[in-house]
Amino acid sequence: MTLNYLVLFLGSVLLFEGLFPLLFPRLWLKFIANVSKYKPGQLRMLSLFLTLCGLLLFLFGIRNL
């Protein structure tokens, strides 16, 4: 059963990762070009922020199962 949840979770992540560039390719390219200019510290802070947001959403989702 756990493997099923892992596959479902991974599939969901890949689905959402692919939606933005599929629907808005020009905006996605601008975003990637902008992010590529970030300094390593800025990129780490952005990654930390996004990771914490994802963790909060994940914990909220588990709590409401």
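Read in numbering that gives the first Met the number 0, the sequence shown has 26 at position 27, and its numbers run on one by one without any break.
Built from N, CA and C at the ideal position, the CB exists for glycine as well.
- With contacts defined as CB atoms closer than 8 Å, F19 and W27 qualify as a contacting pair.
- Just so you know, the alpha carbons of N63 and G53 end up roughly 15 Å apart.
- Per DSSP, L64 is not a residue of any alpha helix (DSSP H), being assigned neither H nor E.
- Secondary structure at K38: coil, using DSSP grouped into helix, strand and coil.
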